[in-house]
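In the numbering used here, the protein residues as written are 1 to 277.
All C-beta atoms, glycine included, are put in the ideal place defined by N, C-alpha and C.
Structure, as structure tokens:
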């Protein structure tokens, strides 16, 4: 029994050490979870700023794309206007040539008109030449604008992709943050339960120590009881021997009583012989 109680005490001590070690591990885990949660909080701010910046960039690229489209439309309008100018210049040149021919047919009377028609023809030719230069320039500009529009469209798509990724990262951060909060709450409950187990184990350990003390006391009392039992057994043996002697004495007294009765009877018989009438 005492050996079993001692083994129980040792097991309780080992259990207490294991629970204490587990409690330290849980506390370390809780500290790590808090550290990760703090990092997630900082990352959430950074991701929020990234999302805001990407949103601003996306809106800017959207406005830039609209402006480039508007410029492209305007440049197309200018190119059309240049074509109109060239057509007007060509028509004016043709009219000036016809006017010069008519002035030549008029002779001296049409000489002044011929000079004016010639100047108009020169202006028309210059206007036509400038219109061609403008048209060429506008074509080059339109080509450049189209390339810029293509690049802007690609950049716009990239900003949309960046914005989408930023949103995904923020959503994932929220999921991880929520999971870490739940993990932290669960770890706190585990830590509380572990501390309660430590308290209960300490109480059991103290009671086990009390049981060991009580066991030692009982063992001492058992020794005393064994000694008393031995003494009582000796006394009982002595009493049994005394009882046997008493029984023998009683038998002797009984025998003596029987002998005395016989003697008395003999005496009475003898006395009766001497009776006087």
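Should residue 188 be labelled buried (16 or more other beta-carbon atoms within 10 Å of its own) or exposed?
As a working mapping, residue 188 is identified with position 188 in the chain shown. Its Cβ having fewer than 16 others within 10 Å, residue 188 is exposed.
Thinking C-beta only, is residue 196 closer than 8 angstroms to residue 61?
Stepping through the chain shown from its first residue, residue 61 is reached at position 61. Stepping through the chain shown from its first residue, residue 196 is reached at position 196. Cβ distance not < 8 angstroms, so residue 61 and residue 196 don't count as in contact.
Using 10 angstroms around the beta-carbon of residue 34, count the other beta-carbons present and answer buried if the total reaches 16, otherwise exposed.
Taking the chain shown and counting its residues from 1, one reaches residue 34 at position 34. Flag for residue 34 reads exposed.
From 53, 152, 146, pick the residue whose C-alpha is nearest to that of residue 74; which is it?
To locate residue 74, count along the chain shown from 1; it is residue 74. It is 146.
Using 8 angstroms for Cβ pairs, my map puts residue 47 next to residue 166. What's the rounded Cβ distance?
Counted from its first residue, the chain shown places residue 47 at position 47. Counted from its first residue, the chain shown places residue 166 at position 166. Indeed, because the Cβ distance is near 7 angstroms, the residues count as touching under 8 angstroms.
Among residues of its own chain, excluding the 5 on either side of residue 269, which ones have a beta-carbon nearer than 6 angstroms to its beta-carbon?
Taking the first residue of the chain shown as position 1, residue 269 is located at position 269. Cβ neighbours of residue 269 beyond the five flanking positions: none.
Could you tell me which uninterrupted alpha helix (DSSP H) segments, each at least 4 residues in length, are contained entirely in the segment 33–83, listed from first to last along the chain?
none
Quick one: using the 10 Å Cβ neighbour count with 16 as the cut-off for buried, is residue 144 buried or exposed?
Here residue 144 refers to the residue found at position 144 of the chain shown. Residue 144 comes out exposed.
Could you round the C-beta distance between residue 191 and residue 26 to whole angstroms and report it? I think they count as a contact, below 8 angstroms.
Within the chain shown, the letter at position 191 stands for residue 191. Within the chain shown, the letter at position 26 stands for residue 26. Rounded, the Cβ-Cβ distance is 5 angstroms, consistent with contact.
What does the Cβ neighbour count give for residue 276, buried or exposed, with the cut at 16 atoms within 10 Å?
The residue labelled residue 276 in the question sits at position 276 within the chain shown. In this prediction, residue 276 scores a pLDDT of 49, lower than 50, which makes its location untrustworthy; no coordinate-derived value is stated.
Residue 124 and residue 92: beta carbons closer than 8 angstroms?
Taking the first residue of the chain shown as position 1, residue 124 is located at position 124. Taking the first residue of the chain shown as position 1, residue 92 is located at position 92. In contact: residue 124 and residue 92 (Cβ atoms closer than 8 angstroms).
How would you label residue 131, buried or exposed, when you count the other beta carbons within 10 angstroms and need 16 or more for buried?
Against the chain shown, residue 131 aligns to sequence position 131. Classification of residue 131: buried, given that the 10 Å Cβ count is 16 or more.
Beta-carbon gap between residue 72 and residue 163 smaller than 8 angstroms:
By one-based count along the chain shown, residue 72 stands at place 72. By one-based count along the chain shown, residue 163 stands at place 163. Cβ atoms of residue 72 and residue 163: not closer than 8 angstroms.
Just mark residue 58 as buried or exposed, buried being the case when its beta carbon has 16 or more other beta carbons within 10 Å.
For the purposes of this step, residue 58 is taken as residue 58 along the chain shown, with counting starting at 1. Classification of residue 58: buried, given that the 10 Å Cβ count is 16 or more.
When you compare the segment 94–110 with the segment 171–190, are there three or more beta-carbon pairs, one atom per stretch, that lie closer than 8 angstroms?
no
Outcome for residue 63 when other beta-carbon atoms lying within 10 angstroms are tallied against a minimum of 16
As a first step, residue 63 is located in the chain shown; it is residue number 63 there, counting from the start. That one is exposed.
Residue 142 and residue 76 look like a contact to me (Cβ under 8 angstroms); what is the Cβ gap, rounded to whole Å?
Here residue 142 corresponds to residue number 142 of the chain shown, with the count starting at 1. Here residue 76 corresponds to residue number 76 of the chain shown, with the count starting at 1. Contact holds; Cβ gap of about 7 angstroms.
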